[in-house]
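Counting along the sequence shown from 1, when you hit position 36 you're at 36 in full-length UniProt numbering, and nothing is skipped either side. Yeah, the Cβ is synthetic: ideal placement off N, Cα and C, and Gly gets one too. I have placed the structure first, in the form of structure tokens, so that the comments after it can refer back to it.
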Amino acid sequence: MAKRITIGKIVNAVGIRGEVKVYNYSGFRDRYENLDRIITDKGEFAIAGVRHQQHMIVLKLAGVDDRNAAEALKGTKVYMTEEDLLELPDDEFYIRDLIGAEVFDVDTGEKLGTLADVMTDRPQDIYVVDLDKGGRCMIPAVDEFIKSIDMKAGRIDVALIEGMI
1 MAKRITIGKI VNAVGIRGEV KVYNYSGFRD RYENLDRIIT DKGEFAIAGV RHQQHMIVLK
61 LAGVDDRNAA EALKGTKVYM TEEDLLELPD DEFYIRDLIG AEVFDVDTGE KLGTLADVMT
121 DRPQDIYVVD LDKGGRCMIP AVDEFIKSID MKAGRIDVAL IEGMI
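This is how it looks when you write it as structure tokens:
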């Protein structure tokens, strides 16, 4: 069975025709337009329609034809399979592939820590690094600070300014 990737969560029913409101975790606003189906904790559903409502996705799922059926899905996670992943340009990476990479100071070569999380709910992504010396630091994911990412080596080189750590 193909590996599942969490891309959202059904947070509510919409209207009376069985639509569901989805909080999108994927980072791609049009992610659902590129899928034929989704997998939930309660089964697999073909996507019959997609629309946007502010920052949320509203899905019409085949076989979910009334509000009661839609409400029964509330709180379930939404998944896709690895086969559904889009091919990214060379300078872009999936967050799930970045997590766990070792972070190094580009000037000293010193290992600073390990990438623990990427915060995407801001105007620019923020890399959250668990420091080897204890604690955490947050590094804006911009060219000024992120100098290189080597996915094969699992390495991220960063240039820090005073006070970041």
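Next on the checklist: Which of the three DSSP states is assigned to I165 in this structure?
Outcome noted: Coil at I165, not helix or strand.
Item to check | Limits of the alpha helix (DSSP H) - the one that D117 falls within | outcome: That residue, D117, is in no alpha helix (DSSP H); its beta strand (DSSP E) goes K111 to M119.
Checklist entry - Is there contact here, the region 96-115 with the region 158-165, by at least three beta-carbon pairs under 8 Å? => result yes
Next on the checklist: Rounded to the nearest angstrom, what separates D66 and K147 at their Cα positions?
Outcome noted: 51 Å
Next on the checklist: Could you give the first and the last residue of the continuous alpha helix (DSSP H) run that contains L98?
Outcome noted: I95 to L98
Item to check | Neighbourhood of T81 by C-beta, 8 Å cutoff - its chain only, sequence neighbours within 5 removed | outcome: A2, K3, R4, I5 and I39
Checklist entry - Which term fits V142, buried or exposed, when burial requires 16 or more other beta carbons within 10 angstroms of its beta carbon? => result exposed
Next on the checklist: For Q53, which residues in the same chain have their Cβ closer than 8 Å to its Cβ, ignoring the five residues on either side in sequence?
Outcome noted: So the list reads V14 and K21, once near-sequence residues are dropped.
Item to check | Closest Cα partner of Y25 within the set G163, I126, M119 and Y127 | outcome: M119
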